[in-house]
Every structure is written in C-alpha cells, then in structure tokens.
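Letter 79 of the sequence shown, counting from 1, is numbered 68 in my numbering, and no numbers are missing.
Cβ atoms here follow ideal geometry from the backbone N, Cα and C, with glycine treated the same way.
This one's a predicted model, so the numbers in the text were calculated from it and none came from an experiment.
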Amino acid sequence: MINNSLLATPNVVKVLFKLLDLDEPVYISGLLDVVSNQNRLKDLLNSLESANLVSMSNRDPVRRSRKVSLTEKGKQVAELLKQAEDLIND
C-alpha cells in the first residue's frame, strides 16, 4: 500500500504524470521543469523509489547522472491517478 502522505507531497503526482507521458527512462535533469530544486527532486525520487513507484539506473559514468522510469506499479498508480483527474474534470 502506498503511504498516503507520499501522494500529498508537492509535485509527486506531476512527476508521475510526466514519467507516464514520456514512457521511457529520462535523466533526472529532465524532470527539473517539474521540480526546479535538484535536491528536492532527488529526495522526491528517492521516496518514490522506496515505494517501488520508480526505478533509477546506476550512474552514467560519462554524464555522472542517473535515469529514472516508472516501475510497473508506478505506471498503474499514475494511470489510476490520471483516470481520477479526468473524472474530476469532466
């Protein structure tokens, strides 16, 4: 079960939606348009990884960065949240 406070964390849903829309691994820096503070973004991604909603690759030695993508569970959660948002906005 997902910790309720995680979904209430600012920008969590936006990050999940962006990863769902991209549908491919993205460098963490590619999410800075959603969460502009890199330290906050990393903390948020670590929380999502702990909840098994995202997966982060090992550091790329050339770019010194990591890629992040939704896990299967993360995709399911993001899709359900998107459906709920669509129902609310109808």
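Which residue or residues does DSSP assign as beta-bridge partners of residue i?
i	result
V57	V15, M45
Within 10 angstroms of its Cβ, does residue i collect 16 or more other Cβ (buried), or is it exposed?
i	result
L34	buried
L8	buried
L5	buried
L30	buried
Is the separation between the beta-carbon of residue i and that of residue j shorter than 8 Å?
i	j	result
K62	L42	yes
L(-5)	A40	yes
N0	V15	no
Among the options, which one has its Cα closest to the Cα of residue i?
i	options	result
S46	R55, S39, E38	R55
D22	L59, K3, I77, E38	K3
L20	D75, A40, L59, S39	L59
S(-3)	D79, K31, L37, S18	Reading the sequence as shown, one finds Ala at residue -3 and not Ser. Minimum Cα distance to A(-3) is reached at L37.
V57	V1, P(-1), E13, N0	E13
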